[in-house]
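In our numbering, the protein residues as written are 194 to 411.
Taking it in order: structure first as structure tokens, then the write-up.
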Ligand SMILES: Cc1cc2nc3c(=O)[nH]c(=O)nc-3n(C[C@H](O)[C@H](O)[C@H](O)COP(=O)(O)O)c2cc1C
């Protein structure tokens, strides 16, 4: 698939087919993602790729913790976020809600428990960074994530980045035997999308570049 077409087609999927992804395909995607730029080429990403059986075990633990603590999807902000950004999140939730209701559930249950079940994906990638890196190096993980989701799209797969898991980092590190000195930045559900699932019809909106670009000297 042409790169620009891939960029324009990529979107998050929230329902996956019960069909495994070859390890060799996942290896190719990892190699593509590693082409991402990083500060002085340190490539600070560390990835744990977990298969569906392992993920099911992990999900059970995460859902138990969710029932106890109810930590849900949100911006994770410590200060008030300007209204225009909150409005974009509200519109995304509003767009997803009727499709989720078509699936017989409600938005909050679907997104929170769905995220912790990785939306049934056959594989999940957990991306860590060593604690010795400063917060600026999260930029490198973001660029790795961008390459990763585009490569997956190019391979005919779908993804959903899942940030909610960072609130359950201790359980995940414990289950995957990850050292204390690593921080979980993001997980990514990956697999073949279930095209018939109503939620996968959802298309998120984008602000026009006029809203976020200021041209100087043009
Ligand atoms: C850092 C990050 C964290 C995310 N966390 C979640 C999550 O926990 N659950 C979820 O359903 N989607 C999650 N998403 C997916 C976003 O909701 C999605 O990318 C956004 O709504 C834009 O839609 P699109 O990816 O289809 O273009 C996350 C995306 C990113 C980049």
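All C-beta atoms in this analysis are idealised placements derived from N, C-alpha and C, irrespective of residue type, glycine included.
Every value quoted in this text rests on a predicted model; they were computed, and no experiment measured them.
What does DSSP give as the partner residue(s) for residue 222 in the beta ladder? According to DSSP, which records beta bridges pairwise, residue 222 is partnered with nothing at all.
Residue range of the beta strand (DSSP E) that residue 351 falls in? 351-355
Residues sharing a beta bridge with residue 383, DSSP: 316, 352
Taking Cβ positions, are residue 380 and residue 222 nearer each other than 9 Å? no
Spatial neighbours of residue 313 within its chain, please: C-beta separation below 6 Å, excluding the five flanking residues on both sides. 209
Identify every run of the beta strand (DSSP E) within the region 226-290, keeping only runs that are complete inside it and at least 3 residues long; order them along the chain. 238-244
Can you tell which of 238, 205, 244 has the C-alpha that lies nearest to the C-alpha of residue 219? 244
What is the C-beta distance between residue 204 and residue 394, in whole angstroms, given that I count them as a contact (C-beta under 8 Å)? That belief does not hold up - the Cβ atoms of residue 204 and residue 394 are roughly 10 Å apart, past 8 Å.
Locate the alpha helix (DSSP H) running through residue 346, then write down its first and last residues. 331-347
Is it the case that the CB of residue 200 approaches a heavy atom of ligand 1 more closely than 8 Å? no
In the DSSP output, what is residue 322 paired with across the bridge? 238, 376
Whose C-beta lies closer than 8 Å to the C-beta of residue 398 among residues of the same chain, with five residues either side of it excluded? 281, 284, 285, 288
Smallest Cα separation from residue 385: which of 349, 404, 339? 349
Cut-off 7 Å between Cβ atoms - residues of its own chain near residue 214, not counting five sequence neighbours on either side: 315, 316, 350, 383, 384
Looking at the structure shown, is residue 395 part of a helix, part of a strand, or coil, going by DSSP? coil
Minimum C-alpha distance to residue 388 - residue among 240, 292, 302, 263: 292
For residue 411, the three-state DSSP class (helix, strand or coil): coil
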